[in-house]
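A.B. asks:
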Amino acid sequence: MTVQQQHPALAAADPELAALVGAEERLQAETLRLIPSENYVSAAVLEASGTVLQNKYSEGYPGRRYYEGQQNIDQVETLAIERAKALFGVDHANVQPYSGSPANLAVYLAFAKPGDTVMGMALPMGGHLTHGWGVSATGSWFRGVQYGVRQDDGLIDFDQVRDLALKERPKVIFCGGTALPRTIDFAAFGEIARESGAVLVADVAHIAGLIAGGAHPSPVGHVDVISTTTHKTLRGPRGAMLMSREEHAKALDKAIFPGLQGGPHNQTTAAIAVALREASQPSFRDYAHAVVANAKALAEALLARGFDLVSGGTDNHLILIDLTSRQVPGKIAAKALDRAGIVVNYNTVPYDPRKPFDPSGIRIGTPSLTSRGLTPDHMPEVAEWIDRAVTAAGTGDEDTLAAVRAEVAALMAAYPAPGGAGARCVPGLTHRRAGIGSHT
Ligand code: DSN
Numbered sequence: 369m370t371v372q373q374q375h376p377a378l379a380a381a382d383p384e385l386a387a388l389v390g391a392e393e394r395l396q397a398e399t400l401r402l403i404p405s406e407n408y409v410s411a412a413v414l415e416a417s418g419t420v421l422q423n424k425y426s427e428g429y430p431g432r433r434y435y436e437g438q439q440n441i442d443q444v445e446t447l448a449i450e451r452a453k454a455l456f457g458v459d460h461a462n463v464q465p466y467s468g469s470p471a472n473l474a475v476y477l478a479f480a481k482p483g484d485t486v487m488g489m490a491l492p493m494g495g496h497l498t499h500g501w502g503v504s505a506t507g508s509w510f511r512g513v514q515y516g517v518r519q520d521d522g523l524i525d526f527d528q529v530r531d532l533a534l535k536e537r538p539k540v541i542f543c544g545g546t547a548l549p550r551t552i553d554f555a556a557f558g559e560i561a562r563e564s565g566a567v568l569v570a571d572v573a574h575i576a577g578l579i580a581g582g583a584h585p586s587p588v589g590h591v592d593v594i595s596t597t598t599h600k601t602l603r604g605p606r607g608a609m610l611m612s613r614e615e616h617a618k619a620l621d622k623a624i625f626p627g628l629q630g631g632p633h634n635q636t637t638a639a640i641a642v643a644l645r646e647a648s649q650p651s652f653r654d655y656a657h658a659v660v661a662n663a664k665a666l667a668e669a670l671l672a673r674g675f676d677l678v679s680g681g682t683d684n685h686l687i688l689i690d691l692t693s694r695q696v697p698g699k700i701a702a703k704a705l706d707r708a709g710i711v712v713n714y715n716t717v718p719y720d721p722r723k724p725f726d727p728s729g730i731r732i733g734t735p736s737l738t739s740r741g742l743t744p745d746h747m748p749e750v751a752e753w754i755d756r757a758v759t760a761a762g763t764g765d766e767d768t769l770a771a772v773r774a775e776v777a778a779l780m781a782a783y784p785a786p787g788g789a790g791a792r793c794v795p796g797l798t799h800r801r802a803g804i805g806s807h808t
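Every number in our numbering is 368 more than the matching position in the sequence shown, counting from 1.
1) Quick one: what does DSSP say leucine 402 is sitting in, helix, strand or coil?
2) In whole angstroms, what separates the C-alpha of serine 595 from that of proline 465?
3) Is it right to say arginine 432 is buried, meaning 16 or more other beta carbons lie within 10 angstroms of its own, or is it exposed?
4) Could you give the uninterrupted runs of the beta strand (DSSP E) lying entirely in the region 594 to 664, keeping only those of 3 residues or more?
5) Taking all protein chains shown into account, decide if glutamine 373 is buried (16 or more other Cβ within 10 angstroms of its Cβ) or exposed.
6) Between the Cα of alanine 672 and those of Ala619, Val389, Asp755 and Gly698, spot the shortest distance and give me the residue it belongs to.
7) Please state the DSSP three-state secondary structure of alanine 387.
8) Go through its chain and collect everything with a Cβ distance to glutamate 614's Cβ below 7 Å, but skip five positions before and after it.
9) Given the structure, does serine 728 come close to the ligand DSN, in the sense that its CB is under 6 Å from one of the ligand's heavy atoms?
10) With the cut-off set at 7 Å, would you say glycine 494 and glycine 500 are in Cβ contact?
11) Does the Cβ of aspartate 621 have 16 or more other Cβ atoms within 10 Å, making it buried, or fewer, making it exposed?
12) Compute the beta-carbon to beta-carbon distance between proline 538 and alanine 566, rounded to the nearest angstrom, for a pair I have assumed lies under 8 Å.
13) What do you get for lysine 723, buried or exposed, if any count of 16 or more other CB atoms within 10 angstroms of its CB means buried?
14) Which of the three DSSP states, helix, strand or coil, is assigned to isoleucine 579?
15) Where does the unbroken beta strand (DSSP E) through asparagine 713 begin, and where does it stop?
16) Which whole runs of the alpha helix (DSSP H) in the region 501 to 573 are 4 residues long or more, in chain order?
17) Kindly provide the chain-ordered list of residues whose Cβ lies closer than 5 Å to any non-hydrogen atom of the ligand DSN.
18) If glycine 762 sits next to arginine 694, beta carbons under 8 Å apart, how far is it from one beta carbon to the other, in whole angstroms?
19) Can you give me the C-alpha to C-alpha distance between glutamine 438 and proline 632, rounded to a whole angstrom?
20) Counting along the chain, where does the beta strand (DSSP E) carrying aspartate 690 start and finish?
21) Would you mind working out which of Tyr783, Ala771 and Thr768 sits nearest serine 739, comparing C-alpha positions?
22) What is the rounded straight-line gap between the Cα of alanine 380 and the Cα of methionine 369?
23) Quick check on DSSP: helix, strand or coil for leucine 497?
24) In whole angstroms, give me the CA-to-CA distance for aspartate 767 and alanine 570.
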């Protein structure tokens, strides 16, 4: 399907922009997308996020709005809220945060005052900017103290976390992050937070889909607040949610609106509702477990090729490769892989001697390739491509990068991208092509 057929009004009104959309769709179709925070949404999620719901203002919450005409919007938001509560087993859900960073900022607004001490994992260790890191508002408006992982095994040092929490008495502790290849021990964090009197927040943005699908333990019962984006393993639109027990509901709702945001993005709320419905289907459980099986198979294949993996492997969707021993910096490797049709991001590794903009590692993951239907049997070939491209990055061998790109494109052509033109069935996704029907 051409972009003219798929988006006729856009193609007629703004051919230049439509051409870019078409080019992006081709790029996403032809490449092997390994950025662990990205995915492919279903055609149903795409359609919901492009509806007339975006024309409507609705400050407030269902039944308590500051604008009239909410007959449908209230029901849309209520659907999303109820689906989130049922899927994650929580008392309360707020589906209005514009994305993960505002969601986390709202948590600080709810539970801390400027200048208070807050605690999270250091960004270069695998945390997130909004977990109190210095260059973020959360690290300049609050006093951020940071824990890390052990140098020898790349795992969280709970003795350090506990000592730091008891010494610093933070108001808020964040667990979770953006480059953590191992299961998060929410119970251990819960004990430390209770002992130190802190509000514990699990930022499960990366693993929300794995939790929903039963492929990672749930933080429910161990933490006070759950913060998540909706567009990573959860495979929804770009958005976020905050979830909690009833006792924190009011504080979180007040912090999102009127504390931090104005009108919610109703078209996104609708698409979140659709994604949550998809994630509640049995096929999504298959998807979540397949993401982990693929990541484990890929990690094994990379180890067999001599790659150093932070923590020695993975329990989830994410692999952090330390390229120090390959003598190829992460940025050079990431750019070469991009030329080879394999999309990753360069990333710091714990105790990285290099700078964040030119670090030692690359971060990869399996949510997207699993959405396209790739299986553990494909992972040795994926590892081989990564190996060849990283080696070629070191020697400037552009012919090898071009050869890998052609091989990648050939495989990807057999596993069309969900949601877009030429999509076909893979577990847990609805598709656009006529006659195939819905898998959800
Ligand atoms: N940008 C996200 C990620 O890639 O992990 C975190 O915000």
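In this text, a Cβ means the ideal position worked out from N, Cα and C, and glycines have one as well.
C.D. replies: In this structure, then:
1) Coil at leucine 402, not helix or strand.
2) Each residue's alpha carbon lies about 10 Å from the other.
3) exposed
4) 608 to 612
5) exposed
6) Asp755
7) helix
8) Asp459 and His460
9) no
10) no
11) buried
12) 5 Å
13) Exposed is the call here.
14) helix
15) Here the beta strand (DSSP E) through asparagine 713 covers 713 to 715.
16) 505 to 508, 526 to 536 and 554 to 564
17) Ser405 and Thr546
18) 7 Å
19) 12 Å
20) 686 to 690 is the span of the beta strand (DSSP E), which, as asked, contains aspartate 690.
21) With distances taken between Cα atoms, serine 739 lies closest to Tyr783.
22) 16 Å
23) coil
24) If you draw a straight line from the Cα of aspartate 767 to the Cα of alanine 570, it comes to about 45 Å.
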